[in-house]
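S.K.:
2 protein chains.
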Amino acid sequence: MTHGRLPRVLAFDVFGTVVDWRGPIASESGLFLEKIGHGQIDAGQFTDDWRKKYLSGMAAYAKSGRAFTILDVLHREMLEATLRDHDVDPATLDPALLEDWTFAWRRLTPWPDTVEGLTRLKRRFPIVTLSNGNIALMLEMARRGGLPWDAIMGAEVTRAYKPDPRAYLGTAEILGLAPEDVCLVAAHHHDLAAARECGLKTAFVARPMEYGGRAAPDAKLAQDWEWSAESLTDLADQLGC
Amino acid sequence: MTHGRLPRVLAFDVFGTVVDWRGPIASESGLFLEKIGHGQIDAGQFTDDWRKKYLSGMAAYAKSGRAFTILDVLHREMLEATLRDHDVDPATLDPALLEDWTFAWRRLTPWPDTVEGLTRLKRRFPIVTLSNGNIALMLEMARRGGLPWDAIMGAEVTRAYKPDPRAYLGTAEILGLAPEDVCLVAAHHHDLAAARECGLKTAFVARPMEYGGRAAPDAKLAQDWEWSAESLTDLADQLGC
Chain A
0 MTHGRLPRVL
10 AFDVFGTVVD
20 WRGPIASESG
30 LFLEKIGHGQ
40 IDAGQFTDDW
50 RKKYLSGMAA
60 YAKSGRAFTI
70 LDVLHREMLE
80 ATLRDHDVDP
90 ATLDPALLED
100 WTFAWRRLTP
110 WPDTVEGLTR
120 LKRRFPIVTL
130 SNGNIALMLE
140 MARRGGLPWD
150 AIMGAEVTRA
160 YKPDPRAYLG
170 TAEILGLAPE
180 DVCLVAAHHH
190 DLAAARECGL
200 KTAFVARPME
210 YGGRAAPDAK
220 LAQDWEWSAE
230 SLTDLADQLG
240 C
Chain B
0 MTHGRLPRVL
10 AFDVFGTVVD
20 WRGPIASESG
30 LFLEKIGHGQ
40 IDAGQFTDDW
50 RKKYLSGMAA
60 YAKSGRAFTI
70 LDVLHREMLE
80 ATLRDHDVDP
90 ATLDPALLED
100 WTFAWRRLTP
110 WPDTVEGLTR
120 LKRRFPIVTL
130 SNGNIALMLE
140 MARRGGLPWD
150 AIMGAEVTRA
160 YKPDPRAYLG
170 TAEILGLAPE
180 DVCLVAAHHH
190 DLAAARECGL
200 KTAFVARPME
210 YGGRAAPDAK
220 LAQDWEWSAE
230 SLTDLADQLG
240 C
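Protein chains in written order, with numbering that gives the first Met the number 0: chain A, 0 to 240; chain B, 0 to 240.
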């Protein structure tokens, strides 16, 4: 598709797009489940259950009327709910262990092309996060993984969770830009669709391993995005970086 | 003075501490004054007058009851007020020129030791801004000057201007840290004094050229800060980076 003028800023979804979540969370959850004496629970299934609570939780957040609460706190609540679903009472567990387990989301690892791709894209475009992750989470992840963000933006800065339009529009506004000057880069069609509704440009990055090789839950929402890339280095090629 | 445990994050004042403002603003203002046919106005004096409005404006902000407004907007208002003080009616000028002049604050230049100092400090500590500058301003300045921030925080993120305690405490809270785990690095005693009141650690960096070699207006507020350095590279030496 023709994509007209280039964006002035690239704003990135992070979980799944920039870093892998399923591999690292399953790996850490396996160790934690073992540690609490529940090694029989399947860590991959546990991880998918935890993530499913996130996806439905975020979609419902704006309607819930709940005051903005950072993702570290929601991740903890969702971990405890997932444990209960698996017949484990989190009240019997060490709170420090639960916090450490929750913070596994701060320790996610970049996809193999991520650091090179971001570094190249950054030469030409400011690169910012437009993630639901809170600032402390994004900061720790960036330092561990060498993610060279120009700024950490998104949910905590706008006080709204994607796919709430305020998360996208607020990020553009804070940057002092019109929505069409910002391009969301994401591996998720539902995220890109919400950004396009707000007038942002859109760049899809395929992450076939996000769900361990299975189809993504939003595959049916695919559209003809302004850019479509196989990796962040491929996106850098396409954008002339 | 003994300074006990090391901080976990270094949070930087920017205007005057990380970048020079007087040289670049006087230089750009000289060109703009010439352009609008008022080359007879002394650009250095004009710059000091503009900055004075900022210093008094920020000190009074919390009491003013005004809803949070980003610094780019306040810089513009203060520029227009400074022009009026010099008998120039800003309503007669091109708004695009006034915006460009205002954005001179986005184009400030790092002190000679800044990039090396920040780069070394960043190896050991997360480095964030704790400035009154808004995100778009800090982002543009960082990309122009090569300032390797881990995150842009401060006024726009906390919705409060230093020296309002909420700017310091809110930054620590968003980082998920106790105030004493954050160290403000600043060239200004009044800023450090306000941070210390909030429980933050403090590091003074001498910037004798900030006022063109004249004494700083807050020199009388000097205290025995946890660290006191001649430059950011000196601070890196002292912190073992």
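Just so it is clear, CB atoms sit at the ideal spot from N, CA and C, and this is done for glycine as well.
Are the CB atoms of Leu191 of chain B and Leu120 of chain B within a distance shorter than 7 Å?
M.R.: no
S.K.: Under a Cβ-count criterion, where at least 16 other Cβ atoms within 10 Å of its own Cβ denotes burial, should Arg105 of chain A be classed as buried or exposed?
M.R.: buried
S.K.: Using a Cβ cut-off of 9 Å, which residues of the segment 119–151 of chain A contact any Cβ in chain B, in chain order?
M.R.: Lys121, Pro125, Val127, Asn133, Ile134, Ala135, Leu136, Met137, Leu138, Glu139, Ala141, Arg142, Pro147, Trp148, Asp149, Ala150, Ile151
S.K.: Work out the CA separation of Asp88 of chain A and Cys182 of chain B for me, nearest whole Å.
M.R.: 39 Å
S.K.: Taking the alpha carbon of Phe14 of chain B as the point to measure from, which residue in B:Ile24, B:Leu176, B:Ala58, B:Ala95 has its own alpha carbon closest?
M.R.: B:Ile24
S.K.: In three-state terms, what does DSSP make of Val156 of chain B?
M.R.: helix
S.K.: Reducing DSSP to helix, strand and coil, say where Trp100 of chain B ends up.
M.R.: helix
S.K.: Enumerate, from N- to C-terminal direction, the unbroken alpha helix (DSSP H) stretches of 4 or more residues contained entirely within the segment 19–83 of chain A.
M.R.: 21–34, 42–63
S.K.: Going along the chain, which unbroken runs of the beta strand (DSSP E) with 3 or more residues stay wholly within the segment 160–221 of chain A?
M.R.: 181–185, 200–204
S.K.: Which residues of chain A have a Cβ atom closer than 7 Å to the Cβ of Val156 of chain B, listed in chain order?
M.R.: Val156
S.K.: Is Tyr160 of chain A near Ala194 of chain A, with beta carbons less than 7 Å apart?
M.R.: no
S.K.: Specify, as a first and last residue, the run of the beta strand (DSSP E) that Thr128 of chain B falls within.
M.R.: That run of the beta strand (DSSP E) goes 126–130.
S.K.: Use the C-beta contact count for Arg123 of chain A: other C-beta atoms within 10 angstroms, 16 or more gives buried, fewer gives exposed.
M.R.: exposed
S.K.: Would you say Leu174 of chain A faces chain B, with C-beta separation under 7 Å as the test?
M.R.: At least one CB of chain B lies nearer than 7 Å to the CB of Leu174 of chain A.
S.K.: To the nearest angstrom, how far is the alpha carbon of Glu115 of chain A from that of Ala205 of chain A?
M.R.: Looking at the backbone, the Cα of Glu115 of chain A and that of Ala205 of chain A are separated by about 16 Å.
S.K.: Compare the beta carbon distance of Pro125 of chain B and Asp149 of chain B with 7 Å and say whether it is the shorter of the two.
M.R.: A contact, by the Cβ cut-off of 7 Å.
S.K.: Using three-state DSSP, classify Pro89 of chain A as helix, strand or coil.
M.R.: helix
S.K.: Classify Thr16 of chain B as helix, strand or coil using the three-state DSSP reduction.
M.R.: Correct three-state label for Thr16 of chain B: coil.
S.K.: With a 10 Å radius around its C-beta and 16 neighbouring C-beta atoms as the bar for buried, classify Met0 of chain A as buried or exposed.
M.R.: Reliability of the predicted coordinates at Met0 of chain A is poor, the pLDDT of 49 falling under 50, and no value is obtained from them.
S.K.: Note down the Cα distance separating Val17 of chain B from Tyr53 of chain A, rounded to an integer number of angstroms.
M.R.: So the two alpha carbons sit approximately 40 Å from each other.
S.K.: What is the DSSP secondary structure of Pro94 of chain B, reduced to helix, strand or coil?
M.R.: helix
S.K.: Quick one: Cα of Pro94 of chain B to Cα of Phe11 of chain A, how far?
M.R.: 33 Å
S.K.: Using a 10 Å radius around the Cβ and a threshold of 16 neighbouring Cβ atoms, would you call Arg50 of chain B buried or exposed?
M.R.: buried
S.K.: Pull up the DSSP beta-bridge partners for Thr108 of chain B, would you.
M.R.: B:Asp19
S.K.: In whole angstroms, what separates the C-alpha of Gln39 of chain A from that of Ala58 of chain B?
M.R.: 60 Å
S.K.: Could you pull out every residue in the same chain whose Cβ sits closer than 6 Å to the Cβ of Asp151 of chain B, ignoring the five residues on either side in sequence?
M.R.: Here residue 151 of chain B turns out to be Ile, not Asp, going by the sequence shown. Excluding residues within five positions, the ones whose Cβ falls inside 6 Å are Thr128, Ile134, Met137.
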